[in-house]
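In full-length UniProt numbering, the protein residues as written are 1 to 153.
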Amino acid sequence: MNTSKLHSVFKSNAGIGALLLRVPVGIILSAHGAQKLFAWFGGYGLEGTGQWMASIGLEPGFLMALLAGTAEFFGGLALILGLLTRPAALISAFTMVVAIFSVHVGNGLFMANDGYEFALSLLAATAALTAFGGGRFALDNAIANKLASTDRS
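1. Going straight from the alpha carbon of P87 to that of E117, what length do you get?
2. Do L79 and L129 have their beta-carbon atoms positioned less than 8 angstroms apart in this structure?
3. Going by the beta-carbon positions, is the gap between T49 and A71 smaller than 8 angstroms?
4. Looking at the secondary structure, which residues open and close the alpha helix (DSSP H) in which L6 lies?
5. Report the rounded CA-to-CA distance for P60 versus A148, giving the unit in angstroms.
6. Determine whether the beta carbon atoms of G69 and G33 lie at a separation below 8 angstroms.
7. Compare the C-alpha of F137 against each of N2, S12, Y44 and G26 and name the closest.
8. Considering just the uninterrupted stretch of the alpha helix (DSSP H) at S121, what are its terminal residues?
9. For the alpha helix (DSSP H) containing G75, list its first residue and its last residue.
10. For L19, which residues in the same chain have their Cβ closer than 6 angstroms to its Cβ, ignoring the five residues on either side in sequence?
So, in structure tokens, the structure goes:
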């Protein structure tokens with residue numbers, strides 16, 4: 001892949017709004033991933049989450065728990081840092097689509113009924129970050145600037 005294509009993955013002209021969006025979304029995603037991976041914050045860890053995922057038809061449950069937990073935990077950390085924002089946001093968005101349609105959609109919109117409103121909010125936020133990138137205050141822009149300077153030399 002040439003540096004101009006890489007540059008387009010990293011460069012973002014979004015302002016402070018991207019920072020204000022990606023940090024709280026990253027915190028939420030990381031915490032949910034930590035529940036699945038490490039049983040932190042009242043979660044059930046890989047074994048318990050895997051059993052639950054298998055019970056709702058997401059097989060093999062352990063692998064699905066590992067994939068979802070990894071996407072959320074490491075994707076969330078990447079969003080907080082603004083590192084590989086677009087790929088991390090895209091993977092997180094896909095994870096939310098799976099959550100919506102495999103777990104929540106049959107329960108309606110509202111969280112009180114285990115509906116999809118929270119996952120839909122995270123989907124909207126991660127879709128926006130996929131489109132806009134990490135913003136001016138992201139590690140991605142430092143990488144983009146480095147790539148641009150190597151193109152000029």
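Cβ coordinates follow ideal geometry from the N, Cα and C atoms, glycine included.
Taking the coordinates as given:
1. 23 angstroms
2. yes
3. no
4. Residue range T3 to F10 is occupied by the alpha helix (DSSP H) that includes L6.
5. 43 angstroms
6. For G69 and G33, yes; Cβs fall inside 8 angstroms.
7. S12
8. E117 to F132
9. G61 to L81
10. A distance below 6 angstroms between beta-carbons, with the five flanking residues on each side excluded, links L19 to the following residues of its chain, in chain order: G135 and F137.
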